[in-house]
Amino acid sequence: MIAFVLRRFAQAVIVMLAVALVAFVMFRFMGDPITNLLGQDATVADRQAMMERLGLDRPMPVQYFDFISRAVQGDFGISYRMARPVSEVILERLPATLELAAVSGLMALLLGVSFGVYTALRRDGWLSHVIMTVSLIGVSLPTFLIGILLIWVFAVELGWLPSFGRGETIQIGWWRTGFLTESGLKSLILPAITLGLFQMTLIMRLVRSEMLEVLRTDYIRFARARGLSSRAINFGHALKNTLVPVITITGLQLGAIIAFAIITETVFQWPGVGLLFINAIKFVDVPVMSAYLLLIALIFVTINLIVDLLYYAVDPRLRVERPKAADTT
Amino acid sequence: MTEPLLQVRNLRVEFPTRHGTLVAVDDISFDIAKGEVLGVVGESGAGKSMTGSAIIGLIDPPGRIGGGEVLLEGRRIDNLPPSEMRKVRGRKIGMVFQDPLTSLNPLYTIGEQLIETIQTHMALSDSAARKRAIELLGEVGIPAPESRLNSYPHQYSGGMRQRVVIALALAADPALVIADEPTTALDVSVQAQIIALLKRTCAEHGAAVMLITHDMGVIAETADRVAVMYAGRIVEIGPVREVIKSARHPYTEGLMASIPSLSHEQDRLFQIDGSMPRLNAIPPGCAFHPRCPHVFARCREERPELVQSGASRAACWLHAGDRR
């Protein structure tokens, strides 16, 4: 168990180092920081002096190491555009994105699993057909279109919900939350649906097909032959087996929700890190871009690590066989 | 004579398909007495497993019972509502499936699955159910049952798992155990053990056994009576010695002759020519007539019913008395 965790952890560190290399290389290829700081008409001597001051004249590996050691301490440099430390800007924006992602992820998971189980158990019910048909729309429409449609219906035509921003927020420590005000919660609804709809339909279809697969297996038949109640069979035996593959996809999807928040945040002008990233691209704000890249990579890697550990918890076949239990006929 | 434990009357199992209804089990009737072991033999697709599934009410849709009735201890069970039928399954009728590797849920320990089954049917406390689970595992020959209770199915070998499946089938002391090819998926060396175990434990629990197999040798050693099935019908049924020693139906004769024997020299193994008809192309008259060595005109036109012939009953015009 410990060896397994350590191995996965080492893999995660390697992935992070590789992503950090990409983030580091961005500085060299996207714009020239010296020109950015001193302007086009600086003298060669001035440029040389600035390079020495910033340490850009040192060998690449040294600079890479320096970049990593500072990144580990949360220092990603100064935003070119805002002239503030990048870590500060990101921390300020992160709660908005995390709140949005958490709500849509939770929605996608809860509704996805329940709809999936329902449509698998009542395969021929009319409600199942309705859900399956609607889910096709969720799978096939692009996120920005769903967002714009929702804004048109609920914000423009009906006027029930705000079309942009986070509404009023309350500061708790460094965390700025929109959960505690009415306008904050109202503002959350449309972006959360927009962001979570695709993931929800994906999870639902996955749960449904896995569940149908599991219900056909011998051990479900045997469970029926043992006279267990359909509740115990469907939710105890079948659902647990369904969850093994669902966990993987859901884990990856949670990462994707945070990464793809960019589009939703742009459509709804949601003040999160995704919007920050889009603006950073517009102004070639390389420190912000590289920090965002590292952040998303870190989230993905962490979620993957958690998913692997969850496998362990759910599926006993992955656990290392204890020598005591290994005797066989 | 006391009332039989299980009575199957004119049972018919059919599958509606786009090209008409296929009849997998066609008008079969038989009894199983208390504590008796009835062997059911036949080729793949003869309707043996389907008969077992029909009795326990687990035919997968779109298959359905198209006629006849099944009585357990005098009570009709084929038309019970699902919630009532659930109480029969496991409690009155236990079932053992063919493949022990896939019969157990891989994500639950053996103990969890046993205790769950016991508590579904018996009002026992957790500790009493656990005690019973340990006893059952001990009975089916699992060494150190107390510690193996917490093992998962993948930590057991195939033979061990089939022992667990037998323990699960017997968990609530059913009156009848339907064993559907219980040894087909096992190593030859383990097969005899499992059959002996099945017979012994069922006898100890007073359960009758319906043993479905295509292995005539297993039937010969285990069963009290045997039913031979062909193309969805019973062609011969009778005491096991009688059927083996003096088979009435030509199909049974063929089956017996095709068992390899070490005792006397045989250059070639006997085989029945041809193969069993598919469900959508069952010939008129006796379904066996295209393969039968003794076929005559009447076999092609009229379907024979089971008639008494010595101690057994056979569905063959050769034994109908009025041969034309």
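Chains as they are written, first to last, in the working numbering: chain F, -2 to 326; chain Z, 83 to 406.
Beta carbons: idealized from backbone N, C-alpha and C, even for Gly.
The model shown is predicted, which means the values in this text are computed figures rather than measured ones.
Problem - Bridge partner(s) assigned by DSSP for I316/Z - result: M311/Z
Handout entry: CB contact check: L408/Z to chain F, cutoff 8 Å
Key = A question about residue 408/Z goes unanswered here, because the residues of chain Z that appear run from 83 up to 406.
Problem - R382/Z: first and last residue of the uninterrupted alpha helix (DSSP H) it sits in - result: Unbroken alpha helix (DSSP H) run through R382/Z: 379 to 383.
Practice task
Please report how far the alpha carbon of R171/Z lies from the alpha carbon of I138/Z, in whole angstroms.
Solution key: Each residue's alpha carbon lies about 6 Å from the other.
Exercise for the section: Identify the continuous alpha helix (DSSP H) that holds A68/F and give its terminal residues. Expected result: That run of the alpha helix (DSSP H) goes 57 to 69.
Problem - Inter-residue Cα distance where the pair is S84/F and V22/F - result: 19 Å
Practice task
In angstroms with no decimal places, state the Cα-to-Cα distance between L133/F and T198/F.
Solution key: 8 Å
Handout entry: beta strand (DSSP E) segment containing V95/Z, residue limits
Key = 88 to 99
Problem - Under the three-state DSSP convention, the category T295/Z falls into - result: In this structure, T295/Z counts as coil in the three-state DSSP scheme.
Problem - Cβ pair count under 8 Å reaching 3, the stretch 266 to 273 of chain Z against the stretch 232 to 249 of chain Z - result: Contact between the stretch 266 to 273 of chain Z and the stretch 232 to 249 of chain Z is established, with three or more Cβ pairs separated by less than 8 Å.
Problem - Interface residues of chain F facing H203/Z [CB-CB closer than 8 Å] - result: Ordered by position in chain F, the residues that pass the 8 Å Cβ test against H203/Z are G224.
Problem - Extent of the continuous beta strand (DSSP E) to which A339/Z belongs - result: From DSSP, A339/Z is part of no beta strand (DSSP E) but of the alpha helix (DSSP H) over 332 to 339.
Practice task
Using a Cβ cut-off of 8 Å (strictly closer), state whether G172/Z contacts chain F.
Solution key: yes
Handout entry: Cβ contact (3+ pairs, closer than 8 Å) linking the stretch 178 to 185 of chain F and the stretch 138 to 152 of chain Z
Key = no
Problem - The alpha helix (DSSP H) enclosing Q237/Z, as first and last residue numbers - result: Careful: Q237/Z lies outside any alpha helix (DSSP H) and carries neither H nor E.
Handout entry: Straight-line gap, S226/F to A249/Z (C-alpha atoms, nearest Å)
Key = 19 Å
Problem - S328/Z beta carbon less than 8 Å from that of F219/F - result: no
Problem - Under 8 Å between C-beta atoms of I117/F and R205/F - result: The amino acid occupying residue 117/F in the given sequence is Ala; Ile does not appear at that position. For A117/F and R205/F, yes; Cβs fall inside 8 Å.
Practice task
Using only alpha-carbon positions, find the residue among D255/Z, F97/Z, R157/Z that is nearest to K174/Z.
Solution key: D255/Z
Problem - When E384/Z, A313/Z, P225/Z are compared against P359/Z, the one with the closest alpha-carbon - result: A313/Z
Problem - P386/Z versus S131/Z: straight-line alpha-carbon distance, rounded - result: 23 Å
Exercise for the section: Kindly indicate if chain Z contains any beta-carbon less than 8 Å away from that of T174/F. Expected result: no
Practice task
Look at the Cβ atom of T261/F, then the Cβ atom of I275/F, and state whether they are nearer than 8 Å.
Solution key: no
Handout entry: Enclosing alpha helix (DSSP H) for W123/F [first to last residue]
Key = 123 to 137
Exercise for the section: Count the other C-beta atoms from every protein chain shown that fall within 10 angstroms of the C-beta of A289/Z, then say buried if there are 16 or more, exposed otherwise. Expected result: A289/Z comes out buried.
Problem - Closer than 8 Å to chain Z by CB, F232/F - result: No, F232/F lies away from the interface with chain Z (no Cβ there is under 8 Å from its Cβ).
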